[in-house]
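Protein chains in written order, with the working numbering: chain A, 1 to 217; chain B, 218 to 467. Notes to accompany the following structure.
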């Protein structure tokens with residue numbers, strides 16, 4: 001119950017980073033895992049295979065947290081170089097709140113995903129629908145990030161550069177991590193698996209090659 | 218070690234390069250800390266960069282890991298050794314307030330900042346190294362990261378030079394000598410000089426740095442070739458980079 005109250009407070013907070021500072025870290029991590037797992041489990045349930053449900057449930061929290069951890073050292077240095085070190089703890093708390101918001105929004109969208117699966121058994125529809133859900137959650141979490149950054153940018157406009165740097169690197173890493181962690185939904189023709197064959201492929205190389213082939217045909 | 222990290226931290230925060238100090242031609246940066254800091258920061262990025270050679274499916278070699286760890290800081294420091302005399306002469310001719318040692322410290326500071334940013338991108342390189350087998354992608358990614366961190370290092374240098382070449386604030390009456398006349402030039406002319414020096418440094422350091430990188434290759438370690446400490450002398454950096462780009466698409 002405390003977890004639900006905490007999530008409610010986070011979503012309503014004007015300054016989510018302040019709330020993050022007040023809530024114990026363990027509870028924040030638990031919230032991310034529970035909400036992320038919930039959406040992942042629903043996402044992996046398109047073919048009703050328990051193993052795929054478990055795998056997908058585990059992958060969403062990994063996706064949400066691992067890419068942030070990879071990008072944090074660079075973000076720390078960029079903040080320091082731009083003379084914004086004093087605000088760094090606030091910004092990190094803001095980023096935590098952003099990731100939590102994303103997990104919560106995804107969890108709140110999971111009933112829609114379940115209904116979509118019930119309405120159509122088509123795998124490609126499931127892929128597009130989940131893509132749309134992730135897009136919606138990303139937009140909302142971006143708004144949350146904007147809420148965190150607005151007072152900081154007002155005070156020191158250089159924070160805008162940091163925000164752009166964070167988003168660029170975070171998206172760059174997240175796309176590759178998401179590619180590595182496939183399958184999230186699980187193609188009906190393939191057995192459930194944690195990683196798909198060709199895990200060491202590179203998302204960008206594949207896209208560039210496909211584009212190149214398309215343009216030079 | 219702790220003191221070293223503190224010094225790097227102070228440098229990144231701009232505590233060692235205050236505008237008033239630069240205007241007075243003073244730089245209190247500890248040169249030894251800058252060199253050791255650069256070695257450590259460059260090595261840590263090299264470690265991540267060399268993982269590709271150590272984990273490639275065909276003929277993995279730990280030697281590539283050790284070689285790249287040593288080569289990244291060397292690339293920057295050797296480039297400085299080669300270019301410093303000409304950079305110093307260029308700035309002295311333009312009427313820089315920095316003396317020989319101060320000029321060296323300023324350039325070391327720019328390299329340390331460059332390498333600090335590069336080291337912070339190490340985990341990203343490590344992540345992509347472990348999640349991809351595409352050699353051309355790793356080349357392009359590393360060139361991109363070297364480029365981005367280089368731009369930040371140059372931005373620091375440009376800002377510092379602006380202060381170094383800024384007009385002196387009027388203080389007491391001084392005898393008018395050549396240096397004072399130079400210092401009292403209209404501000405736009407002095408800032409033009411700062412910009413010219415910066416451009417000159419940029420060309421010299423950029424060209425030598427890129428070619429030094431080419432001479433010291435391999436950094437990533439081509440999966441088709443056995444490990445060698447240095448490759449044969451052939452071609453140049455630009456040709457190599459565009460070849461990697463082409464192979465990425467084809």
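Idealized CB from N, CA, C, for every residue including glycine.
Chain-ordered listing is empty here: chain B has no CB closer than 9 Å to the CB of residue 166 of chain A, the nearest sitting near 13 Å. In the three-state reduction of the DSSP assignment, residue 431 of chain B falls in the helix class.
Leaving aside the five residues that flank residue 165 of chain A on each side, the residues in its chain whose CB is nearer than 6 Å to its CB run, in chain order, 78. In the three-state reduction of the DSSP assignment, residue 447 of chain B falls in the coil class.
Across the set B:303, B:264, B:292 and B:291, the C-alpha of B:264 shows the shortest separation from the C-alpha of residue 279 of chain B. Interface annotation for the stretch 355–378 of chain B against chain A: 369, criterion Cβ-Cβ distance under 7 Å. Looking at the backbone, the Cα of residue 297 of chain B and that of residue 420 of chain B are separated by about 13 Å. For residue 319 of chain B, the enclosing alpha helix (DSSP H) begins and ends at 317–337. Per the coordinates, the alpha-carbon of residue 221 of chain B lies some 17 Å from the alpha-carbon of residue 323 of chain B. About 4 Å separates the beta carbons of residue 259 of chain B and residue 289 of chain B, which is inside the 8 Å limit, making them a contact pair. With a cutoff of 8 Å on beta-carbon distance, residue 424 of chain B and residue 239 of chain B are scored as not near each other. Residues of the stretch 223–245 of chain B whose Cβ lies closer than 9 Å to any Cβ of chain A, in chain order: 226, 229, 230 and 231. For residue 85 of chain A, the closest Cβ of chain B is nearer than 8 Å.
With respect to the C-alpha of residue 100 of chain A, the residue from A:137, A:180 and A:73 having the closest C-alpha is A:137.
By the Cβ-count criterion, residue 21 of chain A is exposed, with fewer than 16 other Cβ atoms from all chains shown falling within 10 Å of its own Cβ. Pairing residue 359 of chain B with residue 232 of chain B, the inter-Cα distance amounts to about 30 Å.
What residue 180 of chain A touches in chain B, judged by beta-carbon distance under 8 Å, is 348, going in chain order.
For residue 330 of chain B, the nearest beta carbon of chain A is closer than 8 Å to its own beta carbon.
Between residue 334 of chain B and chain A, the shortest Cβ-Cβ separation is below 8 Å.
Proximity of residue 345 of chain B to chain A, defined by a Cβ-Cβ separation below 8 Å, is satisfied. Residue 355 of chain B counts as buried, since at least 16 other C-beta atoms from the protein chains shown sit within 10 angstroms of its C-beta. Note that the stretch 147–166 of chain A does not touch the stretch 203–210 of chain A; fewer than 3 beta-carbon pairs, one per stretch, sit closer than 8 Å. Approximately 14 Å separates the beta-carbon atoms of residue 44 of chain A and residue 134 of chain A; this is outside 8 Å, ruling out the contact. The residues 429, 430 and 433, in chain order, have a CB closer than 7 Å to that of residue 292 of chain B in the same chain once the five nearest residues on each side in sequence are set aside. Within chain B, 340 and 341 have C-beta atoms less than 9 Å from the C-beta of residue 71 of chain A, given in sequence order. Residue 114 of chain A and residue 130 of chain A have their alpha carbons spaced roughly 10 Å apart. One finds nothing in chain B with a Cβ atom closer than 9 Å to the Cβ of residue 144 of chain A; even the nearest lies about 24 Å away.
Contact note: residue 173 of chain A reaches chain B through 341 and 344, using a C-beta cutoff of 7 Å and chain order. Contact note: residue 465 of chain B reaches chain A through 205 and 208, using a C-beta cutoff of 7 Å and chain order.
Residue 179 of chain A: member of the alpha helix (DSSP H) spanning 159–180, first to last residue. Taking C-beta atoms as the reference points, residue 170 of chain A and residue 97 of chain A fail to come closer than 8 Å.
For residue 100 of chain A, the three-state secondary structure derived from DSSP is helix.
When DSSP states are grouped into helix, strand and coil, residue 294 of chain B belongs to the helix group. The DSSP-derived three-state label of residue 244 of chain B is coil.
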